[in-house]
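Residue numbers for the sequence shown follow the UniProt record's numbering, so the first one is 1 and each next one is one higher.
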Amino acid sequence: MASAATAMSSASRTLLLFSPFKTSLSFRKIPKLPSSINTACFCCCSYSTQLQSQFQTSRRRDVVEILQQRGLLESITSSTIHDAVSSGPVKVYCGFDPTAESLHLGNLLGLIVLSWFQRCGHHAVALIGGATARIGDPSGKSLERPELDIDTLRKNSDGIRDTIYKILLSNSENFSILNNYDWWKEVRLLDFLRNVGRYARVGTMMAKESVKKRLESEQGMSYTEFTYQLLQGYDFLRLFEKEGVSVQIGGNDQWGNITAGTELIRKILQVEGAFGLTFPLLLKSDGTKFGKSEEGAVWLSPSMLSPYKFYQYFFSVPDADVVRFLKILTFLELEEIGELEREMGRPGYVPNSVQRRLAEEVTRFVHGEEGLSEAVKATQALRPGAEAKLDWQTIEGIAEDVPSCSLAYNEVLNLSLVDLSVSAGLLESKSAARRLLKQGGLYLNNSRVDGENKRIEAEDIVDGKVILLSAGKKNKVLTVCSSKCSQVLDIGQCRIQPLASQSLPPLIQLNKRADGDM
Numbered sequence: 001m002a003s004a005a006t007a008m009s010s011a012s013r014t015l016l017l018f019s020p021f022k023t024s025l026s027f028r029k030i031p032k033l034p035s036s037i038n039t040a041c042f043c044c045c046s047y048s049t050q051l052q053s054q055f056q057t058s059r060r061r062d063v064v065e066i067l068q069q070r071g072l073l074e075s076i077t078s079s080t081i082h083d084a085v086s087s088g089p090v091k092v093y094c095g096f097d098p099t100a101e102s103l104h105l106g107n108l109l110g111l112i113v114l115s116w117f118q119r120c121g122h123h124a125v126a127l128i129g130g131a132t133a134r135i136g137d138p139s140g141k142s143l144e145r146p147e148l149d150i151d152t153l154r155k156n157s158d159g160i161r162d163t164i165y166k167i168l169l170s171n172s173e174n175f176s177i178l179n180n181y182d183w184w185k186e187v188r189l190l191d192f193l194r195n196v197g198r199y200a201r202v203g204t205m206m207a208k209e210s211v212k213k214r215l216e217s218e219q220g221m222s223y224t225e226f227t228y229q230l231l232q233g234y235d236f237l238r239l240f241e242k243e244g245v246s247v248q249i250g251g252n253d254q255w256g257n258i259t260a261g262t263e264l265i266r267k268i269l270q271v272e273g274a275f276g277l278t279f280p281l282l283l284k285s286d287g288t289k290f291g292k293s294e295e296g297a298v299w300l301s302p303s304m305l306s307p308y309k310f311y312q313y314f315f316s317v318p319d320a321d322v323v324r325f326l327k328i329l330t331f332l333e334l335e336e337i338g339e340l341e342r343e344m345g346r347p348g349y350v351p352n353s354v355q356r357r358l359a360e361e362v363t364r365f366v367h368g369e370e371g372l373s374e375a376v377k378a379t380q381a382l383r384p385g386a387e388a389k390l391d392w393q394t395i396e397g398i399a400e401d402v403p404s405c406s407l408a409y410n411e412v413l414n415l416s417l418v419d420l421s422v423s424a425g426l427l428e429s430k431s432a433a434r435r436l437l438k439q440g441g442l443y444l445n446n447s448r449v450d451g452e453n454k455r456i457e458a459e460d461i462v463d464g465k466v467i468l469l470s471a472g473k474k475n476k477v478l479t480v481c482s483s484k485c486s487q488v489l490d491i492g493q494c495r496i497q498p499l500a501s502q503s504l505p506p507l508i509q510l511n512k513r514a515d516g517d518m
């Protein structure tokens, strides 16, 4: 039992084999949300009545205190925020600049904190920076961001809006999605300088940490970036005045931008009651950023990273980080997390059991029950020796996550397992394959193969399409065969359309990359 669990945390190498015919690809699009989201706001509730009712039933929990207990609180602009969030429902916002097609793991804490406010009866506002993304936030950056054209920004805004919508809706209907481009497109430069710029002190702006670091660097800072804090400050001013938003949240690198907003509200409107709250950046115990894989960013959109791969990333979290991540990335009660921590120190603890719980909770939050089910099913089915029977639907769910090549059906049928292991690129030589067979480490469709003379039969090709080979408990090969060139195969988000009139070489290496193990 322990050895199997240990194997689940090791790295793996996987290969996907497709039929050798020319393919054309078309990607399925995520269904669009109501067109109202494309403009200023998508609001899922009537704020005054429904939200007040939810707040009364939430037992007036101090959400700021909850965040502090879970390690999600870095700084607050005023201690009176405790009274503000305890005395009645408030509106709280977090900004997301559409600099990519999808949000990534670095944005997850903002959604987590917004969700905590929702769960405590408050109204969450997600602000997409369709305007400010054209400038680029210099916070935490050593170089100026590349300029994005308007079409790219619109596409990116649509993508992250869809993700935010699905995640926040899973908590409650108390949320809105806004885009600051809807008001910035109406702002005239001279009006902005007269009505807002006169209240901004250059000395204060120069003293911001994000500005000082850039000015001291070799690259310096452009005037465009320098004004970003004033633009974000105006966003808060506008939301406070027009939407009743009184709290802004962000990572600790946003402190200067957030306080720029609270200062503008105090000076221009001459009122108190605007608050800022920051949470720590998502770091590992060694101080490095959490949220990067060998293949780059860990995206939240399933079109850029499958739920299976997302799940695997959290399953591989080191023991030193898993308890802290349970506190900040899940909504489990602290008592339950404490019990899980104690379980890790008990005799007979199965390695990675707590990581599995972390992976389940975070995957459910981001991808929903359906995404979690897909990830768990693929994880269980792809474990060498697993009892779960493989089928095409299970393998299709992870097909895009593994390296690939192709072999024709008639070339695979009756081929020895030794030869197939080498042809597919799983093992380097026939001698290595024979040696692994004798050691009991070569698997066909998750079943251990003992005989060296094993040849591939029709029943070994799952649904007539795929073969899964495993070398030991690390290496896997996914083989796709086709008995008919007219057959259309659906692989994850892609449709693969064979063209029978075209002929290709018998073995096509498409790509290779390391995969996290199950």
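Backbone N, C-alpha and C fix where the C-beta goes; we use that ideal spot for every residue, glycine too.
Spatial neighbours of residue i in its chain, beta-carbon cut-off 6 Å, leaving aside the 5 residues before and after
i, result
"ILE167", "LEU111"
"LEU114", "CYS94, ALA124"
"VAL63", "VAL85, TRP116, PHE117, CYS120"
"GLU101", "ASN156, GLY159"
"THR99", "ALA133"
Bridge-paired residues (DSSP) for residue i
i, result
"HIS104", "TRP299"
"VAL247", "VAL92, PHE275"
"ASN252", "Answer is none; ASN252 lacks a bridge partner."
"LYS289", "LEU283"
"ILE76", "LEU277"
"ARG455", "SER416"
"SER447", "LEU444"
"VAL462", "VAL466"
Classification of residue i by the beta-carbon crowding that lies within 10 angstroms, buried from 16 upward
i, result
"GLU263", "buried"
"LEU109", "buried"
"GLY256", "buried"
"MET221", "buried"
"ASN180", "buried"
"ARG70", "buried"
"GLU374", "buried"
"SER353", "exposed"
"GLN248", "buried"
"ALA458", "exposed"
"PRO302", "buried"
"residue 521", "No answer is possible for residue 521: it lies beyond the span of the chain, which begins at 1 and ends at 518."
"ARG188", "exposed"
Cβ-Cβ distance between residue i and residue j below 8 Å
i, j, result
"PHE275", "ILE76", "yes"
"ASP235", "LEU153", "no"
"ASN445", "VAL418", "no"
"LEU105", "VAL323", "no"
"ARG455", "ASN414", "yes"
"PHE226", "VAL211", "yes"
"GLY233", "ALA260", "yes"
"PRO307", "LEU382", "no"
"PHE365", "LEU73", "no"
"TYR228", "ASP149", "no"
"ALA408", "CYS481", "yes"
"THR224", "PHE310", "no"
"LEU340", "GLU361", "no"
Element boundaries [alpha helix (DSSP H), containing residue i]
i, result
"ILE337", "334–344"
"residue 527", "For residue 527 there is no data in the structure shown, the boundaries of the chain being 1 and 518."
"PRO307", "307–315"
"ASN171", "Counting along the chain, ASN171 falls outside any alpha helix (DSSP H), and DSSP gives it neither H nor E."
"GLY203", "202–206"
"SER431", "430–438"
"LEU329", "319–329"
"VAL63", "63–69"
Residue i - containing beta strand (DSSP E), residue span
i, result
"THR99", "Counting along the chain, THR99 falls outside any beta strand (DSSP E), and DSSP gives it neither H nor E."
"VAL125", "123–128"
"TYR443", "442–444"
"ASN179", "175–179"
"LEU468", "466–471"
Own chain residues within Cβ distance below 7 Å of residue i, not counting five before or after
i, result
"PHE325", "VAL317, LEU358"
"MET304", "GLU101, SER102"
"TRP184", "ALA131"
"ASP460", "LEU444, ASN445, ILE467"
Contacting residues, own chain, Cβ-Cβ under 8 Å from residue i (five flanking each side not counted)
i, result
"SER246", "ALA84, VAL90, LYS91, VAL92, PHE240, GLY273, ALA274, PHE275"
"PHE96", "LEU103, ASN107, GLY110, ALA126, LEU127, ILE128, GLY129, ILE160, ILE164"
"ARG434", "VAL418, GLU452"
"HIS82", "ASP62, VAL64, GLU65"
"ILE135", "THR224, GLU225, THR227, TYR228, LEU231"
Check: residue i C-beta below 7 Å from any heavy atom of the ligand PLP
i, result
"THR288", "The ligand PLP is absent from the structure shown, which contains no ligand whatsoever."
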